[in-house]
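Residue numbers (the numbering used here): -9 to 573.
Think of the CB as a built atom: it goes at the ideal place given N, C-alpha and C, for glycine as much as any other residue.
Below is one structure, written out as C-alpha cells; comments come after it.
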Amino acid sequence: MTSKLDRLNEWVADVARLTRPAVIHWCDGSDAESAALREQMLADGTLIELNQQTHPGSYLHRSHPDDVARVEHLTFVCTPEREDAGPNNHWMAPADAHARIDALFDGCMQGRTMYVIPYCMGPIDSPLSRCGVEITDSPYVVANMRIMTRMGVPALARIEREGSFVKGLHSIGELDPERRLIMHFPEELAIKSYGSGYGGNALLGKKCHALRIASHQARQEGWLAEHMLILGIENPQGQTHYIAAAFPSACGKTNLAMLIPPEGYRRDGWKVWTIGDDICWMRPGADGRLYAINPEAGFFGVAPGTSAKSNANALASIQSNTIFTNVGITADQQPWWEGIDNGLAPVTDWRGEPFDSAKRPAAHPNSRFTVSAKQCPSYSDMAEDAQGVPISAIVFGGRRASLVPLVFEARDWTHGVLVGAAMGSETTAAATGAVGVMRRDPMAMKPFCGYNFADYFGHWLSFDQPGAQLPKVFHVNWFRKGENGKFLWPGFGDNLRVLEWMIQRVEGRAAATETPIGHLPTADDLNLDGVALSDEARETLFGFEHAGWQAEFAGIGEYLAEYGPRLPQALLDEQRRIAAALA
Ligand code: GTP
Ligand code: SPV
Ligand code: MN
C-alpha cells in the first residue's frame, strides 16, 4: 500500500545513502527525547550548564569562532534561469549546485546520528501554515528547532495528510568557512546547507524555508512571506490594531514586538501584545484585509542590548528554558552580555577565555537566545489563531544616522511599495562582513527574498485590487543621530508614541503635513508627554531635508535601474513622480 509518507521515506533513505550516518533518529518532539539530547550535549561539551538556580533549564552553546552569523556571500538561490533569482541573489544552476554541495555531503555523517525533524511553520491547524522536514547531524539544531517550530508527531501527521513538505538537508560538516554553502532550490521546494551550525544558516525552518522558499511559494499562491514582526496594540477602550513591521537584521524587530508602553500609556490602559518577532506570512481574507500569522514558535533574539530597561519582556522570557549562544558568563555561571545592565560582571567571554575588555567583548555582538514564545509575558493568544490577525498598518524602517525622519506615511499602496523597495539601512553583525555600511535593503528582504526583486515588487503591487482593504504603509527611523553622534530618539517603549500616531492616521484622526516623500507629522501631532527632546532633536526628527532627499531619490533611481526592464512600470513611475516633485 502506498502512503503519503513514501516520498519522505524515500528521501530519507536517499540522504542516508549519501551521508552514511551510523544511526537515523526520527524526532518526535517529546520531553524525553529533548532530555536525552541535552544529556548527550552536556556530556560532549556542545552545551554548558548555566546557573540552574537563577536560570533553570538554560544552557550555553559556544559556536565555532568562525561560525557566528549568516553568510550572505555563501548563500545561493538556484533557479533554472539566472534572471529568476535576480541581481539580489547569488545564483548557481541547480545541477551544478547539487553536484557541488552533494560532494560535500558525501559520507559526511559517518559515525554520527542523522536526525529527521518534521516541523510545521505556523499553528498546526492553520491553513496558512506550511510543513517541512529538516535532516541534520546537529543535536544543537534539533534543540533549537524544537523551540523555534512546532516539531515532531503533530507535524508528521500533517505531512502525512498533505503529502507535501519542504526538504531541508543540513550538516555541520567540518565547520570550515571554506567548505560552507547554503543552497535553495525553490522549484524543488528544497534546501541544502553545509558547514555551519549558526541560526539562519542551520535552522532551516527559519530564513531558508519561511522566507526564501516561502516567498517563492507565496508569489505563486497569492500571499506574502516577509521579514516582519507582528504586534497588537490594545487601546484603553479594548480595541486592538495589529501592525507588521519590516526592519533589517538587528534593527529592532524583537524589541518593538515586545514593547512595554511608557508610564503614562500604561496608566491609561494601553497594552501591547506580541504575535511574532521576525517573520510574517500574510494573505488577503474574505473581507479584503491582510491576515497574518507568525510561522515561528520561538524567538532567536539578539542578546546584546537586552536589559530590564530596553526589553523587560525579552529578559523575563529568558530566565528559564533558554539556549544562549555565544554570550559571556559571570563567576556564578549566569549568562552575561554587553548592555544587560544587571550589576553583574563577566568573567568568561563567548570563546571561553577569561574576559578581557581590551581583547574582545564578553558576548559576541551577534550572540543570541533561543526561547519559546510561550514564555514571553506579552505573547498574544491570537498568535495561535488559525486565521491570523488583520493588519492595520505595515511599517518599514532601517538604521539611518542621517536624512530619514522619525516617521512618515505613504500616500497609497503603490507609494508604500516604493517606500519599502527604497529602504536603506546600515549593516549589522547579524551577517558576516563590514558593519555600519549603508546598503539598500528593500522590505528588509535583501538577504531573504527567494526570487528576483523586480518580480517581488510586482507581486507586492498586485495586492492593490478592487475590494482590497489594504493596510496603510509607514516608514520609521529609530536610529537618527545628532551632531554629537548620539541617537536623538529615545526609542524602545517610546516608539509606541509613533505607533499611536499611525493608528490615529489609520482611523483618520491625526494630522500630518504633505511633502514629496509622504505625510510627515510635526512634533505636536505626536503625544510626547514625558519625553525630553532637545530643539535639535525636534527639528531633526520631524524635519524634511529637501536637498538631501533629492540626492536620495537620485540614488533610489539608480538602484532600481539595476533591475532593468523587469521592474514594474508603476514603481518606476512613482519614483519619477517623486523625483520630479523634489526637483
Ligand atoms: P534580528 O533577530 O537579527 O532579525 O534582529 P531584530 O530586528 O529583531 O533586532 P533587535 O530587536 O534584536 O535589536 C537589535 C539591536 O538594536 C539591539 O541591540 C537593540 O537594543 C537595538 N534597538 C532595538 N530597538 C531600538 C530602538 O528603538 N532604539 C535604539 N537606539 N536601539 C534599538
Ligand atoms: C537575522 O539575521 O535576521 C535573524 C537571525 O533573525 S538568523 O536566524 O540568523 O537569520
Ligand atoms: Mn531576522
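(message) Taking a contact to mean a Cβ-Cβ separation below 9 Å, would you say M492 touches A383 in this structure?
(response) Contact flag set, yes.
(message) What residue range does the beta strand (DSSP E) around H45 cover?
(response) It is not in any beta strand (DSSP E) - H45 carries neither H nor E in the DSSP assignment.
(message) So, with DSSP's three-state summary, where would you put F327?
(response) Checking the displayed sequence, the identity of residue 327 turns out to be Trp instead of Phe. If DSSP states are grouped into helix, strand and coil, W327 belongs with coil.
(message) Any contact between the stretch 173 to 185 and the stretch 132 to 151? By contact I mean 3 or more CB pairs, one from each, below 8 Å.
(response) No, the stretch 173 to 185 is not in contact with the stretch 132 to 151.
(request) Pull up the DSSP beta-bridge partners for Y105, would you. (result) Answer by DSSP bridge pairing, in chain order: H15, T126.
(request) Label E343 either buried or exposed according to how many other C-beta atoms from any shown protein chain fall within 10 Å of its C-beta, with 16 as the threshold for buried. (result) With fewer than 16 neighbouring CB atoms inside 10 Å of its own CB, E343 falls in the exposed class.
(message) For E224 and A6, what's the separation of their Cα atoms in angstroms?
(response) Straight-line Cα distance between these residues: approximately 50 Å.
(request) Rank N356, R257, A348, D339 by C-alpha distance to the C-alpha of G295 and give the top, closest one. (result) Among N356, R257, A348, D339, the Cα nearest to that of G295 belongs to N356.
(request) Compare the Cα-Cα distances from N442 to each of G481, R202, A235, L510 and report the closest residue. (result) Relative to the Cα of N442, the nearest Cα in the group G481, R202, A235, L510 belongs to R202.
(message) Residues around the ligand MN, please: the ones whose beta-carbon is closer than 5 Å to some heavy atom of it, in chain order.
(response) Residues close to the ligand MN by the beta carbon criterion (under 5 Å to any non-hydrogen atom) are, from first to last along the chain, S239, D268.
(request) Return yes when the Cβ of L8 is within less than 9 Å of the Cβ of D127, no when it is not. (result) If you check the CB distance, D127 and L8 do not come in under 9 Å.
(request) Could you spell out where the beta strand (DSSP E) holding I319 opens and where it closes? (result) 318 to 320 is the extent of the beta strand (DSSP E) around I319.
(request) Using a threshold of 9 Å, state whether the C-beta atoms of K364 and N78 are closer than that. (result) The Cβ-Cβ distance between K364 and N78 does not fall below 9 Å.
(request) Please classify G195: is it buried, with 16 or more other beta-carbons within 10 angstroms of its beta-carbon, or exposed? (result) The C-beta of G195 has 16 or more other C-beta atoms within 10 Å across all chains shown, which makes the residue buried.
(message) On the DSSP letters alone, give me the boundaries of the beta strand (DSSP E) that E399 sits inside.
(response) Looking at the DSSP string, the run of the beta strand (DSSP E) that includes E399 is 397 to 399.
(request) Quickly, what does DSSP pair S362 with across the bridge? List them, please. (result) BP columns for S362 point to G288.
(message) Residues in the same chain with beta-carbon distance under 6 Å from A501, minus the five sequence neighbours each way, listed in chain order, please.
(response) Contacts found: D515.
(request) Could you tell me the boundaries of the alpha helix (DSSP H) in which P380 lies? (result) Annotation: P380 is outside any alpha helix (DSSP H); the continuous beta strand (DSSP E) that includes it extends over 379 to 387.
(request) Select from M218, S300, G254 the residue whose C-alpha is nearest the C-alpha of N517. (result) It is G254.
(request) Between the Cα of M31 and those of V132, H88, E73, P11, spot the shortest distance and give me the residue it belongs to. (result) Here the closest residue by C-alpha is V132.
(message) Is Y188 close to the ligand SPV? I mean its beta-carbon at under 8 Å from any heavy atom of the ligand.
(response) At least one heavy atom of the ligand SPV is nearer than 8 Å to the Cβ of Y188, so yes.
(request) Could you tell me which of V397, M433, G554, V2 sits nearest to V407, measuring between CA atoms? (result) Ranked by Cα distance from V407, the options V397, M433, G554, V2 are led by M433.
(request) Under the assumption that W468 contacts G242 (Cβ atoms under 8 Å), give the Cβ distance between them as a whole number of angstroms. (result) Contact flag correct, Cβ pair sits at about 6 Å.
(message) Under 8 Å: does the beta carbon of F469 sit that close to some heavy atom of the ligand GTP?
(response) True, at least one ligand heavy atom lies under 8 Å from that Cβ.
(message) So, under 8 Å CB-CB, L221 and I265 are touching, yes? Tell me the CB distance rounded to an integer number of Å.
(response) Confirmed, about 6 Å.
(request) Report the three-state DSSP secondary structure of F314 (helix, strand or coil). (result) The DSSP-derived three-state label of F314 is strand.
(request) With DSSP as the reference, please indicate the residues paired to T505 in a beta bridge. (result) Partner(s): G508.
(request) Determine the DSSP secondary structure at H449, reduced to helix, strand or coil. (result) H449: helix per DSSP, three-state reduction.
(message) Please tell me whether Q30 has its Cβ less than 9 Å away from any Cβ of chain B.
(response) Absent from the structure: chain B. Only one protein chain is present.
(message) Let me confirm a value: F386 is counted as buried when at least 16 other C-beta atoms fall within 10 Å, else exposed. Which label applies?
(response) Looking at its Cβ environment, which holds 16 or more other Cβ atoms inside 10 Å, F386 is buried.
(request) Determine, using beta carbons only, whether L396 and W479 come nearer to each other than 9 Å. (result) Yes.
(message) Tell me the rounded alpha-carbon separation between F438 and H217.
(response) One alpha carbon belongs to F438, the other to H217, and they sit about 8 Å apart.
(message) Which same chain residues end up closer than 6 Å to N41 when comparing Cβ atoms and leaving out the 5 residues on each side of it in sequence?
(response) Contacts found: D322, Q323, Q324.
(request) Quick one: using the 10 Å Cβ neighbour count with 16 as the cut-off for buried, is K462 buried or exposed? (result) Result: buried.
(request) Assign R170 to one of two classes, buried (16 or more other C-beta atoms within 10 Å of its C-beta) or exposed (fewer than that). (result) That one is buried.
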